[in-house]
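*Asks:* Those sequence lines, one after another, are chains A and B.
The working numbering numbers the first residue of the first sequence as 73 and each following residue consecutively.
The working numbering numbers the first residue of the second sequence as 25 and each following residue consecutively.
Got a structure here, written out as structure tokens. Questions coming.
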Amino acid sequence: MDQQAILDALPAEVVVLNRTGHIVAVNEAWRRFAKENGGNPALSDGLGLDYVAACRGLQGKDAAEAGAIADGLVALLSGRLPDFVREYPCHAPDSQHWFALRAAPLHDPAGGAVVVHLDITERKLAEQALQQARSQAAQAARFNAVGVLASALIHELSQPLSAAGFYSGTAVSLLEQAEPDPEQLSRVIHGVEEQIQRAATILQRLREFLRRREMRMRPVAIDEVVAHAMELAQGFAADRAVQISYLLPAPGAVVMADAVQIAQVLVNLVANGIQAIDSAEPTRRKIDIRVDPRPREIEVSVVDTGPGLSAELQTQLFDILAMANGSGLGMGLAISRDIVEAHGGKLWVDPDVIEGASVHFTLPLTQTREPE
Amino acid sequence: MNDDQTVFLVDDDEALRESLGLLLAQAGLRVRAFNSARAFLEAFAAEDSGCLVLDLRMPEMTGLDLQTALLQKGSSLPVIFLSGYGDVPTTVRAIKGGAIDFLEKPVANEILIAHVRNALLEDRRRRAEQAEARMIHASFDQLSPREREILVLATKGLTSKEIARYLGISFRTVENHRAHVIEKMQAKNIAELCRMAAICLATDQHPTL
Numbered sequence: 073m074d075q076q077a078i079l080d081a082l083p084a085e086v087v088v089l090n091r092t093g094h095i096v097a098v099n100e101a102w103r104r105f106a107k108e109n110g111g112n113p114a115l116s117d118g119l120g121l122d123y124v125a126a127c128r129g130l131q132g133k134d135a136a137e138a139g140a141i142a143d144g145l146v147a148l149l150s151g152r153l154p155d156f157v158r159e160y161p162c163h164a165p166d167s168q169h170w171f172a173l174r175a176a177p178l179h180d181p182a183g184g185a186v187v188v189h190l191d192i193t194e195r196k197l198a199e200q201a202l203q204q205a206r207s208q209a210a211q212a213a214r215f216n217a218v219g220v221l222a223s224a225l226i227h228e229l230s231q232p233l234s235a236a237g238f239y240s241g242t243a244v245s246l247l248e249q250a251e252p253d254p255e256q257l258s259r260v261i262h263g264v265e266e267q268i269q270r271a272a273t274i275l276q277r278l279r280e281f282l283r284r285r286e287m288r289m290r291p292v293a294i295d296e297v298v299a300h301a302m303e304l305a306q307g308f309a310a311d312r313a314v315q316i317s318y319l320l321p322a323p324g325a326v327v328m329a330d331a332v333q334i335a336q337v338l339v340n341l342v343a344n345g346i347q348a349i350d351s352a353e354p355t356r357r358k359i360d361i362r363v364d365p366r367p368r369e370i371e372v373s374v375v376d377t378g379p380g381l382s383a384e385l386q387t388q389l390f391d392i393l394a395m396a397n398g399s400g401l402g403m404g405l406a407i408s409r410d411i412v413e414a415h416g417g418k419l420w421v422d423p424d425v426i427e428g429a430s431v432h433f434t435l436p437l438t439q440t441r442e443p444e
Numbered sequence: 025m026n027d028d029q030t031v032f033l034v035d036d037d038e039a040l041r042e043s044l045g046l047l048l049a050q051a052g053l054r055v056r057a058f059n060s061a062r063a064f065l066e067a068f069a070a071e072d073s074g075c076l077v078l079d080l081r082m083p084e085m086t087g088l089d090l091q092t093a094l095l096q097k098g099s100s101l102p103v104i105f106l107s108g109y110g111d112v113p114t115t116v117r118a119i120k121g122g123a124i125d126f127l128e129k130p131v132a133n134e135i136l137i138a139h140v141r142n143a144l145l146e147d148r149r150r151r152a153e154q155a156e157a158r159m160i161h162a163s164f165d166q167l168s169p170r171e172r173e174i175l176v177l178a179t180k181g182l183t184s185k186e187i188a189r190y191l192g193i194s195f196r197t198v199e200n201h202r203a204h205v206i207e208k209m210q211a212k213n214i215a216e217l218c219r220m221a222a223i224c225l226a227t228d229q230h231p232t233l
């Protein structure tokens, strides 16, 4: 069997090493590659060359990578490793290339190994493009909280509408009977009325939430504001399988605030977190809200398990948002910060978090009320 | 038509529970309503026949969890999911778990009732199928090892003569066994016997030969 012909027929670059790491055979693809890259001329046919030493001898930016490859090959040749695979970049001045080196021992008493270099540039470029698209989507999602209220509307309104529909159907069916019971009929129709009222209340609350209006400051319990915001965001979170928890409630903590505006801030922060989580698909899908009482203020934190904010993004965060979101719905962080500052508080993004993003704001405390 | 069947209704919204319960009762269906998946699972026994209408806004248990719990109880109760939103992942999970149906709220009364009636028919069909499979398995268990061997060969299309040659026994012995198999399995003809054998050999612990 002509082994050289077999080797030459392979499209990947192949080198066969003996036990001491010297080249005993190379194939046509290898020779062509070595020539095109203008490397060490000894490598281009390379027979007898110490391949491991040549890797170690490499200087410059590829030295570390080549050193790691040399270590791997030594381990493989000495039988300490069953096989060895390493992906490495090998960029030309005008284009990017990646290769996967795959080495396997020869099943021969004399030892040795076969080393194959595969061009994986296409796969690497595809991975990079995907990564980039993901992080762009994750960032774009942070700037948009519009979906929250639509979700809340669908979730909340479908309840009374459904119930009213079922009551009406029951009423019709009762009337089709020979002798309808007037008392039962009245009770069922009353049910329809109640459900319509329930829908009206939901609309009223959402309308109030959306309306741009003068600030109305009054003492409000922060727990109630958090509960209200969570209720509004619940549908949006459930649709995206994100769990919202209120850790560390602060019973009795009262701030002088416009309750609707602070709820808006919270909904906005929670929505940002939900969208960040949804775009990145982490295994943990949680948002924690916590309230830490301080002597003169409270600190409210919203922490998500999303991809987090890069340092670069953090610096632009407020500017971009100020430009991008002027509508009553997509308030963005800039408007949230304005609202908090109008209340005499501060809003900031925690730069040092391990997981996800962590946004905080403070509100001055007016008094402490005993829990009722 | 639904004398022995119950529509189990699980809904965490009181108004929905009451109104839907009334509507289904008005349609002549027997209804039992629960305010949580847990309460329903505690009350439900595998022999209970009917269907489940599931509407949970903030489920302490997903549709899939509930279905898994039902299957663990040995019940293949058909489930109709009511949802306020076309949440695709949940839908897909529900269907993968074996749910037969998924409706978005608000749903027209006639459509909901039609789906409930379909689910009840499906439940009846599944139960009949399971009862028949149990009977066939019981008959199969009565066969001797030799009879099983002959059943398998016969349902593969071998004639008695071929079976006799294959097993090295007399034609008459094969014919005798064959008659016993048909008798014990209570099969009307060889075609039915083939169907029964397929049910036993596909689902089960009986070793193939």
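For each residue, glycine too, the CB sits at the ideal point set by N, CA and C.
Is it the case that the segment 136 to 145 of chain B contacts the segment 255 to 270 of chain A, given that we only count it when at least three CB pairs across the two stretches are under 8 Å?
*Replies:* No, the segment 255 to 270 of chain A is not in contact with the segment 136 to 145 of chain B.
*Asks:* Verify whether the separation of the beta carbon atoms of V431 (chain A) and V374 (chain A) is less than 8 Å.
*Replies:* Taking the first residue of the first sequence as position 1, residue 431 (chain A) is located at position 359. Taking the first residue of the first sequence as position 1, residue 374 (chain A) is located at position 302. Going by C-beta atoms, V431 (chain A) is nearer than 8 Å to V374 (chain A).
*Asks:* Would you report the Cα separation of D321 (chain A) and P367 (chain A), rounded to the nearest angstrom?
*Replies:* Walking along the first sequence from the start, residue 321 (chain A) turns up at place 249. Walking along the first sequence from the start, residue 367 (chain A) turns up at place 295. First, the amino acid is wrong: residue 321 (chain A) is Pro here, not Asp. Distance between the alpha carbons of P321 (chain A) and P367 (chain A) is about 16 Å.
*Asks:* Is the beta carbon of A7 (chain B) sitting closer than 8 Å to the one on A235 (chain A)?
*Replies:* For residue 7 (chain B) there is no data in the structure shown, the boundaries of chain B being 25 and 233.
*Asks:* Taking buried to mean at least 16 other C-beta atoms within 10 Å of its own C-beta, is Y190 (chain B) buried or exposed?
*Replies:* For the purposes of this step, residue 190 (chain B) is taken as the residue at position 166 of the second sequence. Exposed, by the Cβ-count rule.
*Asks:* So which residues of chain B does V260 (chain A) contact, with C-beta pairs closer than 7 Å?
*Replies:* Locating residue 260 (chain A) in the first sequence gives position 188, where the first residue counts as 1. What V260 (chain A) touches in chain B: L46.
*Asks:* Go ahead and pull the three-state DSSP assignment for D311 (chain A).
*Replies:* Indexing the first sequence from 1 puts residue 311 (chain A) at position 239. Here D311 (chain A) sits in helix by DSSP.
*Asks:* I think S168 (chain B) touches M209 (chain B), with their Cβ atoms under 8 Å apart; what is that distance to the nearest whole Å?
*Replies:* Along the second sequence, one-based indexing puts residue 168 (chain B) at 144. Along the second sequence, one-based indexing puts residue 209 (chain B) at 185. With 8 Å as the limit, S168 (chain B) and M209 (chain B) do not qualify as a contact, their Cβ atoms being about 13 Å apart.
*Asks:* Checking the sheet assignment: what are the DSSP bridge partners for E413 (chain A)?
*Replies:* Indexing the first sequence from 1 puts residue 413 (chain A) at position 341. DSSP, once it has assigned bridges, lists no residue as partnering E413 (chain A).
*Asks:* Does any residue of chain A have a CB that is nearer than 8 Å to the CB of C218 (chain B)?
*Replies:* The count along the second sequence starts at 1 and reaches residue 218 (chain B) at position 194. It does not; no Cβ of chain A falls within 8 Å.
*Asks:* So, helix, strand or coil for T434 (chain A), using DSSP?
*Replies:* For the purposes of this step, residue 434 (chain A) is taken as residue 362 along the first sequence, with counting starting at 1. Of the three classes helix, strand and coil, the one that applies to T434 (chain A) here is strand, per DSSP.
*Asks:* Using the Cα positions of D155 (chain A) and V425 (chain A), report the straight-line distance between them to the nearest angstrom.
*Replies:* As a position in the first sequence, residue 155 (chain A) is number 83, starting the count at 1. As a position in the first sequence, residue 425 (chain A) is number 353, starting the count at 1. Each residue's alpha carbon lies about 38 Å from the other.
*Asks:* For the segment 224 to 239 of chain A, which residues have a CB atom closer than 9 Å to at least one CB atom of chain B, in sequence order?
*Replies:* Residues passing the 9 Å Cβ filter: I226, H227, E228, L229, S230, Q231, P232, L233, S234, A235, A236, G237, F238 and Y239.
*Asks:* On a Cα-Cα basis, can you pick out the residue from A:H179, A:I274 and A:R312 that is closest to H300 (chain A)?
*Replies:* Position 228 of the first sequence, counted from the first residue, corresponds to residue 300 (chain A). That would be A:I274, whose Cα lies nearest to the Cα of H300 (chain A).
*Asks:* Which residues, taken in chain order from the segment 319 to 343 of chain A, show a beta carbon closer than 9 Å to some beta carbon of chain B?
*Replies:* Correct list: empty, as no residue qualifies.
*Asks:* Flag G241 (chain A) as yes if its beta-carbon sits less than 8 Å from any beta-carbon of chain B, otherwise no.
*Replies:* Working through the first sequence from its first residue, we reach residue 241 (chain A) at position 169. By this cut-off, G241 (chain A) is an interface position.
*Asks:* What number of angstroms, rounded off, separates the C-alpha of D80 (chain A) from the C-alpha of K133 (chain A)?
*Replies:* Along the first sequence, read from residue 1 onward, the residue named residue 80 (chain A) stands at position 8. Along the first sequence, read from residue 1 onward, the residue named residue 133 (chain A) stands at position 61. Cα to Cα, the separation comes out at about 31 Å.
*Asks:* Name the chain B residues that come within less than 7 Å of S430 (chain A), Cβ to Cβ?
*Replies:* The sequence position of residue 430 (chain A) within the first sequence is 358, counting from 1. Correct list: empty, because the minimum Cβ distance to chain B is about 26 Å.
*Asks:* Taking the alpha carbon of A343 (chain A) as the reference point, which residue from A:A185, A:I141 and A:D376 has its own alpha carbon closest?
*Replies:* Taking the first sequence and counting its residues from 1, the one referred to as residue 343 (chain A) is at position 271. With distances taken between Cα atoms, A343 (chain A) lies closest to A:D376.
*Asks:* So for S408 (chain A), helix, strand or coil by DSSP?
*Replies:* Start at 1 with the first residue of the first sequence, and residue 408 (chain A) comes out as number 336. Three-state result, S408 (chain A): helix.
*Asks:* Given R288 (chain A), which residues of its chain have a CB within under 7 Å of its CB, disregarding the five upstream and five downstream residues?
*Replies:* Numbered from its first residue, the first sequence carries residue 288 (chain A) at position 216. The answer, listed in chain order, is D330.
*Asks:* Return the first residue and the last residue of the beta strand (DSSP E) that K358 (chain A) is part of.
*Replies:* Counting from one through the first sequence, the residue named residue 358 (chain A) turns up at place 286. K358 to P365 is the extent of the beta strand (DSSP E) around K358 (chain A).
*Asks:* For the candidate residues A:D360, A:D410 and A:E371, whose alpha-carbon lies nearest to that of S429 (chain A)?
*Replies:* Along the first sequence, one-based indexing puts residue 429 (chain A) at 357. Going by the sequence as given, residue 429 (chain A) is Ala instead of Ser. It is A:D360 whose Cα lies nearest to the Cα of A429 (chain A).
*Asks:* Can you tell which of A:L148, A:I346, A:P232 and A:A164 has the C-alpha that lies nearest to the C-alpha of P130 (chain B)?
*Replies:* By 1-based counting over the second sequence, the position of residue 130 (chain B) is 106. Ranking the options by Cα distance to P130 (chain B), first place goes to A:P232.
*Asks:* Got a sec? Which residues, its chain only, sit under 6 Å from P436 (chain A) by beta carbon, not counting five neighbours each side?
*Replies:* For this step, residue 436 (chain A) is matched to residue 364 along the first sequence. Excluding residues within five positions, the ones whose Cβ falls inside 6 Å are E369 and G416.
*Asks:* Suppose contacts are defined by Cβ-Cβ distances below 8 Å. Is L127 (chain B) in contact with G74 (chain B) by that definition?
*Replies:* Along the second sequence, one-based indexing puts residue 127 (chain B) at 103. Along the second sequence, one-based indexing puts residue 74 (chain B) at 50. Against a cut-off of 8 Å, the Cβ pair of G74 (chain B) and L127 (chain B) comes out as no contact.
*Asks:* Quick one, which residues of the segment 126 to 152 of chain B are near chain A if we go by CB-CB under 9 Å, in chain order?
*Replies:* Going along the segment 126 to 152 of chain B in chain order, one finds E128, K129, P130, V131, A132, N133, E134, L136 and I137 with a Cβ nearer than 9 Å to chain A.
*Asks:* So with Cβ pairs under 8 Å, would you call L246 (chain A) a contact of chain B?
*Replies:* The sequence position of residue 246 (chain A) within the first sequence is 174, counting from 1. Chain B, which has a Cβ nearer than 8 Å to the Cβ of L246 (chain A), makes this yes.
*Asks:* Taking any Cβ of chain A, which residues in the segment 160 to 183 of chain B have a Cβ under 8 Å from it, in chain order?
*Replies:* Within the segment 160 to 183 of chain B, no residue has a Cβ that lies closer than 8 Å to any Cβ of chain A.
*Asks:* Are at least three pairs of beta-carbons, each pair with one atom in the segment 309 to 325 of chain A and one in the segment 241 to 248 of chain A, less than 8 Å apart?
*Replies:* The segment 309 to 325 of chain A vs the segment 241 to 248 of chain A: no contact.
*Asks:* Taking 8 Å as the cut-off, decide whether the C-beta atoms of V124 (chain A) and G151 (chain A) are in contact.
*Replies:* Translated into the one-based positions of the first sequence, residue 124 (chain A) becomes position 52. Translated into the one-based positions of the first sequence, residue 151 (chain A) becomes position 79. Contact: no.
*Asks:* Quick check: what's the CA-CA separation for L148 (chain A) versus A176 (chain A)?
*Replies:* By 1-based counting over the first sequence, the position of residue 148 (chain A) is 76. By 1-based counting over the first sequence, the position of residue 176 (chain A) is 104. For L148 (chain A) and A176 (chain A), the distance between alpha carbons rounds to 8 Å.
*Asks:* Just curious, the beta strand (DSSP E) that C75 (chain B) is in, first and last residue?
*Replies:* Position 51 of the second sequence, counting from 1, holds the residue named residue 75 (chain B). Its beta strand (DSSP E) spans residues S73 to D79.
*Asks:* Can you give me the Cβ contacts of E85 (chain A) inside the same chain, cut-off strictly under 6 Å, excluding the 5 residues immediately before and after it?
*Replies:* The count along the first sequence starts at 1 and reaches residue 85 (chain A) at position 13. Once the five neighbours on either side are set aside, the close Cβ partners of E85 (chain A) are A101, W102, F105 and H189.
*Asks:* For E159 (chain A), report the span of its beta strand (DSSP E) as first-last.
*Replies:* In the first sequence, the residue the question calls residue 159 (chain A) occupies position 87. Taken as a continuous stretch (DSSP letters only), the beta strand (DSSP E) holding E159 (chain A) covers F156 to P161.
*Asks:* Reducing DSSP to helix, strand and coil, say where A97 (chain A) ends up.
*Replies:* Here residue 97 (chain A) corresponds to residue number 25 of the first sequence, with the count starting at 1. Note: A97 (chain A) maps to strand in three-state DSSP.
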